[in-house]
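The structure under discussion appears below in the form of structure tokens.
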Amino acid sequence: MLKKIYALFAAGLLLSACSEDVMDRINKNVNDPTQVASRYTLTDVMTSSAFSVTGSDLSFYASTYVEHNVGVYNQMYNAEIRNNEPYASSTYNNNWSNIYANLYSLKGVITRCSEGGAEAGNSANLGIAQVLSAYNLAILTDCFGDVPWTEALQPGVIFQPKLDKQQDIYAAIFKLLDDGIANLGKATTFASMGTQDLIYGGDKAKWVKAANALKARYLMRLSLRTPNYDGVITAINAAFSSAAEELKFSKYDGSIAISPGYAFFTDRDYFGASQSVHDKLVARSDPRDAIFFAKYPGASSLLFAPNGTPEQKQGIYGVNAFNYRATSAGSDEVSTANKKRPTYMISYHELLFLKAEAYARKAPQDLVNAEASLKAAIAAAFVKDGLTAAQADAYYTANVKALFDADPLKEIAMQKYLAFYQSESLEAYNDYRRLAAQGVSIPLANTKPFPQRFTYGSDDVTTNPKVKEAYGDGQYVKTEKVWWAGGTR
Amino acid sequence: MRRFLSLLMMVLFSVGITNAQTKQISGKVFSSDDKNPIPGVSVFVKEAPSVGTTTNIDGQFTLKNIPANAKALVFRFVGYQTQEVAIKGSEMNVTMSPENQKIDEVVVTAMGMKRDKKALGYASQDLKADQLNKSGNPGLSTALQGKVSGVDIKPSSGMPGASTRVVIRGARSFTGNNTPLYVVDGMPIASTSDFSTGNSVTGADIADRSLDLDPNEIESINILKGQAAAALYGIRASNGVVVITTKSGKGLAKGKPVITINNSTSFEMISRKPDLQSTYAQGSANNFIHNTSMSWGPKLENLPNDPGYGGNTQNKYTKLADGSYDLNSHKGRYYVPQRATAGLDPWVVPTRYDNIDEYFKTGVTVNNSINLSQSTENGNYSIGLGSATQKGIVPSTNMDRYNARAMAETKLSKEWKTGFTMNFVTSNINKAPGANSALLGTVFPAPINYDLKGIPSSVPGDPYTQINYRSLTFNNPYWAADNNTFNEKTDRFYGNSFVEYSPNFSWSEDKKLTFKYQAGIDSYTTHYQDIYEYGNTGKKGSIDNYGVTHLGFNSLFTANYSMKFGEDFDLNLLVGNEINHEKKKKYDEFGQDFNFGGWKNISNANVVTATENQSKQRTVGFFGNISLTYKNMVFLNATGRNDYVSTMPRGNRSFFYPSVSLSWVLSELEALRGNSVVSFAKVRASYAQVGQAGTYIENYFTKPTYSGGFWQGNPISYPIGGINAYIPNSTIYDPNLKPQNTVSYEGGFDLKLFNNILSLEYTYSRQNVTDQIFPVPLAGSTGLSQLVMNGGKIHTNAHEAIVNVKILNQKDLEWNVGVNYSKIDNYVDELAPGVESIFLGGFTTPQVRAGIGAKYPVIYGTQFKKDSQGRILVDEDPNSDYYGMPMAGDPGVIGNCSPDFILGANSNFRWKNVTLNATLSWQKGGQMYSGTNGLLNLYGMSKETSDRTKEFTYPGYLSNGQPNNIKRGGASDPYAYQLLYSDILGDVDEAYIYDMDFVKLREVSLGYTFPKFRGVNVSVSAFARNILVWTKLPNLDPESSQGNTNIGGYFERFSMPQTSSYGFGLNIVF
């Protein structure tokens, strides 16, 4: 009997060593949370949208194509001479996936803050998530054209999402912005994001302004297809009233967080100073010519790199002074300001340029307001670059006004192009393509084929036959424009 | 379980008791080799050794007064195997086999079961201590090379403590573990590294935990190759099992303790080094450039005439303050700016330096061990101490390992037995990095004109500002060896104790019941440090402290029952339970951006991040084994095991794995017995199923990181200004995960012919692996990057053969030759929908991957541009710089890694007290990526680039299908070679793919055993390892590569080199 009890006891002990509950306990992940409040996720979407999506590779390649920089080494050299990189699916893959990762994080936040979610009623965070979704989605379709959206973001459920038309994606972008604005206007009992909001510190009103700014940008983007210049102006009037309110990421402290342009220079050093930007500035006697470029650290003089035909060499050509600049002549000390340069997601000066263009384009044309906006825009751009509004004013009167009078749209485009030098090359690339479709050309020096778009990311090309088919051999980027620039996809 | 036990009890108690009468037995004893009678054999009763006699001149004996309870007679004679023969009738004729002709080899199989080798229905191969330790190899894995079939052993390099990958019968997992389970003295222990080298293109190698085993303490190893052999170990054994038995004193003559002292000392040198050009100096396009990595400069003797640096020409170095030039003071010399920086006279006469030979040192390996063993009336014990000290051939690399062990077994009574074994090991390894962090990246391609050793590696008075011959993408190798640290330190304890109970029911001797309970632990801590000192690659350096604390607990209960029924049947039953529980804590403290040099501590770093990871894992298994033997001729074995695994998702944790095997000894058939040709013949077949569990973790959030891509460090580290953030982890886990399943079929035969002179074993096996678990890459548009799920199929066909020939077999003259042949073909059949390949390691291109329809694994990268017939096309544009040169095409598969076959050959020769042994390896086929060879061409340093003046026609084709006829090079086209090697081939990964066929003399040893003197046995030996390497791979030893993962062996780029060893050994036994 005793033996039997003992045997039973032993057997019970053994079985309890492997019961499902015990095994669940053993397998419990004690290292990571399975749920976090939405504000912690939104924090990184802000950082990532600024640093990875807007500020890094997409911007670096775009700056080569729009000639803000000249690629003089390795990948950027290849981009410069249009060899391999503009056509390869690996080129933009990191950002392709970064954007979708952001959208996936945001989808989680939206679900969490919507009806039935753990933070149902957190309309502020819901609104911020919608605005950031619109922002990421727009960059995605602007760069890549038709992309997976309605079937995207369902890992483990849909492995091969289909592509949606850019036109439909833009409809989704406007809906996200409108919903975001509406939600940000609602009262909520949830605490504000506060310091977790690295951009606006939880200020809902500023997010509403940012949403309107984006709306203005995207309305203008579709002006070839569905012009709505009054809509642009209305949106701008509801957006930033000063540079203090613009949507930018300025948490770079130079050690924990480093500005991407500076990090790219120190880690890779693939860019030379652009001859064509220099020429444009010289043609306008633009005071910014003195501050845009610096000689290569340690070099004896400032040598500009010819666009499209540089030698593949490091340490020779001058550099973009906003990435790396000697604090004093002859010194190789790094300007600490450059480690901390903010990433502009949509700037105050951009809005003013948009406004100028909208006035110049609307019917009836309003050149008075267009010129006033352009002057204000140039002034804001000058201040951003460390110059003064007075210098801008003098410059306008002496060197710009005549050009504006001769061809307002073209000069607005040119001034915007120059103002975007530093970290807004991606938007300059979008503008370049839209304006070209609308008949306004910014002259470029590189005679090699201009990439009309960015190739799909290899993470999809290698696993998703629908994207693979759209990618083909990658040569489509030479000729096929995106829908808003007059293309079909 | 409980029901089974009670059933077992019933069977046991129902067996009756038999009785016998006093007996007299007579008979004759023969020798098996010449069939002649053996005189002088001692014959005695097992149960009463005092009752005995010896055979007469005709081999005859008569034994009287045999007690009633006697069951067996023992026959013992010097030089022959002792035999126990069950008493049957009154006439017994016995055949004895010489010691070195063991037919009934006993091997330790799964769960410690000892079996006659002939009873096994599957292939297994066992090695004894003397086969392992012939040449003082401190690593167990590499000591096995060339000695077993079906096993691919790939050392990563000759660096002390270098990882080695052991894979039995091909891979079963794409990205996961393919290495076998190690079971030491009945307890499974950790043998793999807790940290992977990841993409394996940065940092140093990471040692695996099998390094902790000291080969000197091993008595025997049995390799259970197939799943049928290993099935009893369940889910952890799908990659085969290495069953290790350590020295225990068990086999020794009872009484006196035996002390064994061993020493081996060896000296290492680089086994193969690049053959370099010796004509051209640093520079490009025939001009000297003092800081380029390229050696496409002028001829060495023309340096004084160089327009930029020559003492004979007008340049900025010969320019005087007044604007004129001094062309007299430096005649015949040239200016070396690095010497100026180092405070030396910058003007030197061109001199040729052998930078490679100056860099490597002679390595030294010393192994010492002492062992005390004794076998007593009631038990046995063994105590051992060992040390292995290695200094590598690369400065700053070394290893110190100390092992201590004790084990004892004692009989408490007739029924109870207990014992324990304890092992302690501590090791300290200093390593050096490869690939992107390579130390050798500036040794092999150092320009012939640069005095790498003579010019200081740093600025005088500023040890953290390097002086190098090139840009600091790569460090000065002297500076890096002095300043950077790659260290690992391990302390480990493992061991177990057991209690065995064999109830002494008054059954007949034919029945035996044994219960055994064994509990063991495997506990270790490893601390790693990867430190790039301030000034590394001209930057501020970083430190990574990481490590693991591991505790494994193993509980094993078995009940074993054996009986005979009838005259012809033997039955053995085993049931058991095993619980394996593991706890791990890993930590990682990363700091970057040191304030200043000389203080390599995390407190000196400005940006510090830290993570920890704690995990637990449990496997509970219930198993049973039935062996049935018919007439010592047919052996049937069946096993079943049910595992419960904690790492799988709820509801999918329980798995059952069966196996069945059959061995039929044909030579026991009446018709074949006594056959003069066939001494032994056996056929065997088996079927088994074993799985591998995956890891399931509920979806979670994680702190984002920003490394990778264009970034060299971490441009963003949370918390930013005290603010943290958490996003969904980019890898998720399928909640419906099933275990990956391996079904294996195996068949083969064992033959011994002509009186055992020739023996032959052959095995064919087929493995079908389905539902492979791996992180399936997701489309980026899903928002995440990987889903751990079932999604792949792979199959393996393996042929293994072992041939042994006793060429000479006399008392004073013996010569055996053996060959192990393995042909393992591993094919990827299927991957998850949409997935064409799986990344295993390497760069964006080239990389090592698994691809559908291809042998596993392949190398993927940029190909040559080819025509439809696969011929390399050349550029036909006469205006192009690259006219007549090959072109880069699309990326694709550029290399097949796996060899056609591998073959190991052993020769063992003995004349009296002198032995001469040799082991040879031959690998046929197989390709690897050799970054070193490709880059030596690119830099213009390889011998291949010696000729830069002759006209050449690149061996390609024109688009019209005609062979290329475009001539390049010659006096009018002086830079054509540089264009070809540097600009074109440098961009084509396919140009870096090389065949790696090789033949190696792995071990040679010459030994002499002195005649026994005053009870002391002394033997000495001289040995050499890894000498005479012949290989298709130019310049390097193919057994030097990157990574401790599944890319190991196939991907090389300035990897740590392999070594050759020469040494001697001393063995004293008293």
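From first to last, the protein sequence lines stand for chains A and B. For the first sequence, numbering that gives the first Met the number 0 gives the first residue as 0, with consecutive numbering after it. For the second sequence, numbering that gives the first Met the number 0 gives the first residue as 0, with consecutive numbering after it. Heads up, the beta-carbon is just placed ideally off N, CA and C, and yes, glycines get one too. Please read these numbers as outputs of a predicted model, since none were measured by experiment.
For Asp543/B, the CB contacts under 6 Å within the same chain, skipping 5 residues up- and downstream, are Asp529 and Phe589 in chain order. Bounds of the beta strand (DSSP E) holding Val847/B are Gln846 to Gly850.
Among the residues facing chain B, Phe321/A is not included, as its CB has no counterpart in that chain under 8 Å away.
For Leu978/B, the nearest beta carbon of chain A is not closer than 8 Å to its own beta carbon.
By the 16-neighbour rule on beta-carbons within 10 angstroms, Val847/B is buried. Residues of the segment 577 to 604 of chain B that bring their beta carbon within less than 7 Å of a beta carbon in chain A comprise Ile578 and Asp592, in sequence order.
Residues of the segment 234 to 262 of chain A with a C-beta atom less than 8 Å from some C-beta of chain B are Lys250, Asp252, Ser254, Ile255, Ala256, Ile257, Pro259 and Ala262, listed in chain order. Looking from the CA of Gln926/B, the closest CA among Glu799/B, Tyr991/B and Gly248/B belongs to Tyr991/B.
For Tyr725/B, the closest Cβ of chain A is nearer than 8 Å.
When C-alpha distances from Leu119/B are compared across Asp490/B, Ser412/B and Arg683/B, the shortest belongs to Arg683/B. For Gly746/B, the enclosing beta strand (DSSP E) covers residues Gln739 to Leu752. Positions of the alpha helix (DSSP H) runs, each at least 4 residues long and wholly inside the segment 257 to 341 of chain B, are given as 336 to 340 in order along the chain.
Only Pro776, Leu777, Ala778, Gly779, Ser780, Thr781, Gly782, Leu783, Ser784 and Leu786 from the segment 756 to 786 of chain B bring a Cβ to less than 8 Å from some Cβ of chain A. Judged by DSSP secondary structure, His794/B falls within the beta strand (DSSP E) whose first and last residues are Gly791 to Asn808. Boundaries cannot be given for Ile198/A, as no beta strand (DSSP E) includes it and DSSP labels it neither H nor E. Contacts with chain A (Cβ-Cβ distance below 7 Å) from the segment 853 to 878 of chain B involve no residue at all. With at least 16 other beta carbons inside 10 angstroms of its own, Gly70/A counts as buried. Chain order gives the chain A residues near Lys615/B as Ile25, where near means a beta carbon separation below 7 Å. Residue-level contact check: Val29/A touches chain B, since one or more beta carbons of chain B fall below 8 Å from its beta carbon. Here Ala282/A is exposed. Its C-beta has fewer than 16 other C-beta atoms within 10 Å. For Gln739/B, none of the residues of chain A pass the 9 Å Cβ criterion, the least Cβ distance being about 18 Å. Listed along the chain, the chain A residues whose CB falls inside 7 Å of the CB of Asp733/B are Gly155. According to the DSSP assignment, His277/A belongs to no beta strand (DSSP E) but to the alpha helix (DSSP H) extending over Gln274 to Ala282.
Residue pairing by DSSP places His348/A opposite no residue, since no beta bridge is assigned to it.
As far as DSSP is concerned, Trp148/A takes part in no beta bridge.
Sequence-distant Cβ neighbours of Ser346/A in its own chain, meaning closer than 6 Å and more than five residues away, are Glu245.
For Ala151/A, the chain B residues whose Cβ falls inside 8 Å of its Cβ are Ser780, Thr781 and Gly782, in order along the chain. For Val460/A, the enclosing alpha helix (DSSP H) covers residues Ser457 to Val460. Bridge partners of His526/B according to DSSP: Lys488/B and Gly546/B.
Under the Cβ criterion of 8 Å, Met22/A is counted among the residues facing chain B. With respect to chain B, the C-beta atom of Pro464/A has a partner C-beta closer than 8 Å. By the neighbour-count definition (other C-beta atoms within 10 Å, threshold 16), Ala904/B is a buried residue.
One alpha carbon belongs to Ser958/B, the other to Met886/B, and they sit about 12 Å apart. Gln846/B does not reach chain A, its nearest Cβ partner there being about 11 Å away, counting only Cβ pairs nearer than 7 Å.
Around Thr628/B, the same chain offers Asp569 and Phe634 as residues with beta carbons nearer than 6 Å, after the five sequence neighbours per side are excluded. Note on Tyr308/B: 16 or more other CB atoms within 10 angstroms of its CB, so buried under the neighbour-count rule.
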